[in-house]
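Structure first, then comments.
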Ligand SMILES: Cc1ncc(C[n+]2csc(CCOP(=O)(O)OP(=O)(O)O)c2C)c(N)n1
Ligand SMILES: [Mg+2]
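Protein chains in written order, with our numbering: chain A, 76 to 452; chain B, 98 to 423.
This is the structure:
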């Protein structure tokens, strides 16, 4: 076809190529739910305190886990320090029957919703026992491939809806995950079928080394909701009360049959992507320091002090409880003997097929051979 | 000559490719500023700029899909997939388009590209970071699949792949990324695609393997040789598709015994195809049924058990004993 029309497309392309480096760090705000200033009237004192206790526990757990990795007592570990409000205040807005659908970094949310701490440690220590989720705990296995858990959350919500159970799915994901097809497909399904699901994006500004400006040309992640007919909300992710309110309201809407919500919480991981990562390669240290000025745990503790709900004695007591809780979980992990190699064959099928029965028997003979040889040496 | 690790040799080959051909473009997650999670692209963005060493959005379908268009449009893309376990969002693009563009357009369009993929286990990595699913690609007509077992081959094979008229899946064994150094020429050179290498000659048994397993096989066979007074011929296949039938058949016709060792699960691993072809072609010379030693037929476990999932030295030795004692 001979086309005489001006090349509009070319003009668009030239203005859009390359990344706007001036926009490397994204501006904060505006938010749909502002950071808290006044003592919240819609959040009970006990709950505020519980949010703080869990956040403080998570912070210490996280720091301890990093040290355990450095000492070779667990494997590669993805720290979350800086994202405590996102994981704790969100999950405390759930009812027990609601589902947490996490990624590798969301062990905080998993623990708050009932996953035993020692299992989290065992998982990062490469042990199959770490994958065990107690029967009554509505937590899905953490997903490692990016964004793949998001359609699962929509499916869980769909099953609940079809079977008349009032269960909302809360799915966590990162800013980087918003680039994967699975994110878009999950949002679309959730909206088309009006599913009771909440997509909670912890926008910590980076996908490993890649800044948000490389993931999307839009100003926010929340605005993507509009394209799917999903409610989009943007919140300060360091503010526990804002996080709590956003999830609470989204769960209420979902449970009333009003459909899905996408929440974008602005946050930051102070540490490396995982213990194998070196963040100084891709961002200045000062950036983390500036985020620490609105540290979620510190902010909430100061607020609690201000509301006269907290004091030094309570803090000391809390720190003692935290220490004991983590010690107990660690002791449980370290009291385990070597992993039973036969576990390799467990849970692969409902019933082990005969070829694997034979392989397992052969494997057992081999192991005992090597055992006796080893003993003889 | 410079002493290099395998990952440094990859880096050196990429630098050479970028330098010698303006059409070469590297794209992937964290490959620019960060230099790749394994440092395979370290320093390349600083040297060649953001237009040629590109940090992409986190989307494998996007990375491979745009590489098809880039290649058809005259560029020479070298996409990186961060770990083999994360290639699947791009799998549709690989199977339906990368492998078939030539055939579907009767060679009007082609998609020569080199898809670099770290693979294999035994580095205590988290879940799904330890896969060896080379069969998926070797099974797909139109794809060439290559894997080096040492730094010299890494550079030479990668430069061959860049020159190929067809798409190449370039599998990098993470387990030996840094485990030893070797002299690697500074100037460009080629290790031809499609040719296996006899890494150790021998007359009694042929063991065929590739990637990180080559070193395990050499260690394991040394013990069998010492205890049994035999000689094992070890072949590094290097190109998994299309593989070097000539070298393999000649060796098995000489030794009369063949064992294939791979880290991928045994069931439908590439060993199955090799065993079938050897059985067809070397039947009159075979003294024993062809034997395979592979990963257990269960998913790769969390890392505490991963060394037992892969072929152990004891299992490799038993495979050799089996064909000797038949
Ligand atoms: C499909 C897929 N591609 C690549 C990876 C490797 N990878 C692991 S985490 C990560 C970055 C994720 O960033 P984001 O979604 O922002 O989450 P964050 O890690 O910041 O919590 C990448 C690229 C993966 N796990 N899965
Ligand atoms: Mg992120």
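Virtual Cβ for every residue (Gly too), placed ideally from N, Cα, C.
Exposed unless 16 or more other CB atoms sit within 10 angstroms - verdict on residue i
i: residue 396 of chain A; result: exposed
i: residue 165 of chain B; result: buried
i: residue 309 of chain A; result: buried
i: residue 228 of chain B; result: buried
i: residue 388 of chain A; result: exposed
i: residue 99 of chain B; result: exposed
i: residue 278 of chain A; result: buried
i: residue 448 of chain A; result: exposed
i: residue 440 of chain A; result: exposed
i: residue 412 of chain A; result: exposed
i: residue 333 of chain B; result: buried
i: residue 300 of chain B; result: exposed
Residues of its chain near residue i, where Cβ-Cβ distance is below 7 Å and the 5 sequence neighbours each way are ignored
i: residue 97 of chain A; result: For residue 97 of chain A, the predicted structure reports a pLDDT of 36, less than 50, and the residue's modelled location is therefore unreliable. A value from the coordinates is still provided. The answer is none, since no qualifying residue turns up.
i: residue 393 of chain A; result: 128, 131
i: residue 253 of chain A; result: 276, 290, 291, 296, 299
i: residue 422 of chain B; result: none
i: residue 364 of chain B; result: 394
Nearest-angstrom beta carbon gap, residue j and residue i [assumed within contact, 8 Å]
i: residue 229 of chain A; j: residue 248 of chain A; result: Actually they do not touch by this definition, with Cβ atoms about 12 Å apart.
i: residue 337 of chain A; j: residue 262 of chain A; result: 7 Å
i: residue 390 of chain B; j: residue 416 of chain B; result: 4 Å
i: residue 125 of chain B; j: residue 147 of chain B; result: Actually they do not touch by this definition, with Cβ atoms about 13 Å apart.
i: residue 143 of chain A; j: residue 180 of chain A; result: The pair is not a contact, with the Cβ atoms about 17 Å apart (cut-off 8 Å).
i: residue 155 of chain B; j: residue 122 of chain B; result: With 8 Å as the limit, residue 155 of chain B and residue 122 of chain B do not qualify as a contact, their Cβ atoms being about 18 Å apart.
i: residue 200 of chain B; j: residue 175 of chain B; result: Actually they do not touch by this definition, with Cβ atoms about 22 Å apart.
i: residue 291 of chain B; j: residue 336 of chain B; result: 5 Å
i: residue 319 of chain A; j: residue 126 of chain A; result: 7 Å
i: residue 315 of chain A; j: residue 168 of chain A; result: Not confirmed; about 11 Å, so no contact.
i: residue 372 of chain A; j: residue 159 of chain A; result: 6 Å
i: residue 169 of chain B; j: residue 198 of chain B; result: 7 Å
Unbroken alpha helix (DSSP H) run spanning residue i, endpoints
i: residue 250 of chain B; result: 248 to 260
i: residue 380 of chain A; result: 371 to 381
i: residue 159 of chain B; result: 157 to 169
i: residue 161 of chain A; result: 159 to 166
i: residue 348 of chain B; result: 342 to 352
Residue i: first and last residue of the uninterrupted beta strand (DSSP E) it sits in
i: residue 359 of chain B; result: 355 to 362
i: residue 110 of chain A; result: Segment: none, residue 110 of chain A is in no beta strand (DSSP E) and carries neither H nor E.
i: residue 173 of chain B; result: 173 to 177
i: residue 120 of chain B; result: Neither: residue 120 of chain B is in no beta strand (DSSP E) and is coded neither H nor E.
i: residue 270 of chain B; result: 265 to 270
i: residue 246 of chain A; result: 244 to 249
i: residue 278 of chain A; result: 272 to 278
i: residue 339 of chain A; result: 336 to 341
i: residue 46 of chain B; result: Not covered by the structure: residue 46 of chain B. The range shown for chain B is 98 to 423.
i: residue 337 of chain B; result: 336 to 338
i: residue 333 of chain B; result: 329 to 333
Beta-carbon contacts of residue i that lie in its chain and below 6 Å, excluding the five residues immediately before and after
i: residue 131 of chain B; result: none
i: residue 309 of chain B; result: 217, 270, 272, 273
i: residue 208 of chain A; result: 214
i: residue 243 of chain A; result: 173, 271, 326, 329, 330
i: residue 114 of chain B; result: 121, 259
i: residue 375 of chain B; result: 349, 355, 387
i: residue 279 of chain B; result: 247, 248, 249
i: residue 106 of chain A; result: 309, 310, 311
Residue i CB to nearest heavy atom of ligand 2 below 8 Å
i: residue 224 of chain A; result: no
i: residue 279 of chain A; result: yes
i: residue 282 of chain A; result: yes
i: residue 249 of chain A; result: yes
8 Å CB neighbourhood of residue i in its chain, flanking five on each side removed
i: residue 171 of chain B; result: 120
i: residue 380 of chain A; result: 386
i: residue 221 of chain B; result: 400, 403
i: residue 81 of chain A; result: At residue 81 of chain A the pLDDT is 34, less than 50, meaning the model places this residue with poor confidence; the figure from the coordinates comes in the next sentence. Counting only Cβ-Cβ distances below 8 Å, and skipping sequence neighbours, we find nothing.
Residue i Cβ short of 8 Å to ligand 1 heavy atom set
i: residue 178 of chain A; result: yes
i: residue 126 of chain B; result: yes
i: residue 348 of chain A; result: yes
i: residue 297 of chain A; result: no
i: residue 186 of chain B; result: yes
i: residue 376 of chain A; result: no
i: residue 72 of chain A; result: It is not possible to answer for residue 72 of chain A, since the shown part of chain A is limited to 76 through 452.
i: residue 162 of chain A; result: no
i: residue 391 of chain A; result: no
i: residue 157 of chain B; result: yes
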